[in-house]
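Heads up, the sequence shown is in the numbering used here, so the first residue is 1 and it goes up one at a time.
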Amino acid sequence: MHWNKEESLTRPELAKLQGERLAKASERVYARVPFYKKAFDAKGVKPSDIKDVRDIAKLPFTKKSDLRDNYPFGLFAEPQEEIVRIHASSGTTGKPTVVAYNRNDISLWAQVMARTFTCAGATKKDVVQNAYGYGLFTGGLGAHYGAEAIGASVIPMSGGNTQKQIMIMQDFGSTVICCTPSFALYLYDVAVDMKINFDTIKLRVGLFGAEPWTDEMRREIEERLRIKAIDIYGLSEIIGPGVSSECIEAQSGLHINEDHFYPEIIDSATGEQLPYGSEGELVITSMSREAMPLIRYRTGDITSLNPEKCVCGRTTVRMKRIRGRADDMLIIRGVNVFPSQVESVLLRSKEVAPHYIIEVSRKGRMDDMNVRVEVTQDVMDKLAAKVLTTDLKAFAQEEEELLKIKREIQKNIKDIIGVNTDITLVPPSSIQRSEGKAKRVIDNRPK
Ligand code: DLL
């Protein structure tokens, strides 16, 4: 089932619509945002040069630092009296990135999120438990408006409050959950602790995003929570969630709402456009936005595009699950490592749980990567019969069974990613759980 017909236009129909919208967006930012007038002029391009969507390559890029340099309101294309909402995403350093919406932007957002819910198989018959954080973060309100637009019954839980989430889920009969994948796993752990019988939970699908995760993690979540896990993607700068979503029919790539958000893949180093199928940095132009359209925004996210028609009937291009952010990539003794690669390898091992921390440090001139990962309760129970201790240090001693698990993971990481790692196995529940975006990498190397 599709939300609206723009999801299945023919490619020429879509390209025509994109061309018109791109031309309009170019005119708008050139006339209204001094930053863009300057950037267009510097490239010697005028809005009237944009006649076709392929002309996009003539336009300048926008970077995260441009938002920061124009903090807080410098990139708005509407006067303040037209702005009805302001969100912000907290970066790791300094000031947040600020984004604005006018009334039309808010309804566009509800529409693209309605597509996302429909893509995930949700309808007005569903009870949607929204555990994305409400506030400056776009997850909560973005999912909220989309779920309301399809007519579902929305429970605005926001993040955190894990035990209460489980109680409400049971008592209100939630059928859809929205949260980060890491929080989904936390919910599961807490439900187990509360001795909840999963037969009493009606959940059937989850819309998970806002942080990188892997197919292996999807399998874990699907098995544990007994639901379908759908990957949804977006970023505040473009609109929030609602940029792309997997369909429940195929669960194979995320359909981009490319009638509104034009995607390109570029080589991060040269800025050159790459063809369909090549992996590179995702660049998005938010053509239909009014309060703050961005031209060729460099997301920093690494993926590739697939234009093949999907079994679900949608014709929109699909992006592969995000491999990670270019700036999250670790370079360990010269080898490029994405945390998501480590996650994939870890989760192949039946003996460890999907809770881990990657810690990188420098010893002398050598980079040192240590992966701390929890063993499963099963392993722990077997072990507890032998070693009667909960002391972390004692636990980590080279007990034969643990050593075997450790060696196997080490070997897999070496074979598949190509780096030597130390593995520290830790007891279940000893790694801090996340209620929002998980922080899985600690890089202690001097900058
Ligand atoms: O995380 C918007 C969102 C909310 C998306 C809820 C999905 C669900 P920001 O806080 O601005 O916005 O962070 C955006 O998060 O550039 C990616 O690096 C990462 N990200 C978002 N979704 C995914 C995903 C929201 N499905 C940044 N897979 C993006 C991997 C994701 N990374």
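Cβ atoms here follow ideal geometry from the backbone N, Cα and C, with glycine treated the same way.
The shortest C-alpha to C-alpha distance from L346 to any of S153, H260, V371, A57 is the one to V371.
Straight across, the Cα-Cα distance linking F73 with I248 is about 38 Å. In this structure, A131 sits away from V176, with a CB-CB distance that is not shorter than 8 Å.
If you draw a straight line from the Cα of R204 to the Cα of L225, it is about 9 Å long. Every alpha helix (DSSP H) stretch that sits fully inside the segment 35–93 and reaches 4 residues is listed by chain position as 64–69. Rounded to whole angstroms, the Cβ separation of F61 and R298 is 6 Å, and the two are in contact under 8 Å. Distances between the C-beta of W109 and the heavy atoms of ligand 1 are all 7 Å or more. A direct Cα-Cα distance of roughly 25 Å separates I201 from A149. For R298, the enclosing beta strand (DSSP E) begins and ends at 297–303. A distance criterion of 7 Å places the beta-carbon of A210 in contact range of ligand 1, judged by its closest non-hydrogen atom. Using a C-beta cut-off of 8 Å, the segment 235–244 makes no contact with the segment 268–275, since fewer than three inter-stretch Cβ pairs fall below that distance. In the DSSP assignment, Q111 falls within the alpha helix (DSSP H) that extends over 103–119.
When DSSP reads this structure, N336 sits in a beta bridge with I331. Three or more Cβ pairs closer than 8 Å define a contact, and the segment 183–198 meets that threshold against the segment 215–231. Q129: member of the beta strand (DSSP E) spanning 127–130, first to last residue. Distances taken from the Cβ of L235 to the heavy atoms of ligand 1 include one shorter than 7 Å. Separation of the CB atoms of F137 and S89 is rounded to 7 Å, and the pair is thereby assigned contact status at 8 Å. When C-alpha distances from M1 are compared across E82, L22, A39, C119, the shortest belongs to C119. Counting C-beta pairs closer than 8 Å gives fewer than three between the segment 330–341 and the segment 19–37, which falls short of the contact rule. When the beta-carbon positions are compared, M319 and G277 stay at least 8 Å from each other. Ranking G159, I155, P263, C178 by CA distance to the CA of I168 puts I155 first.
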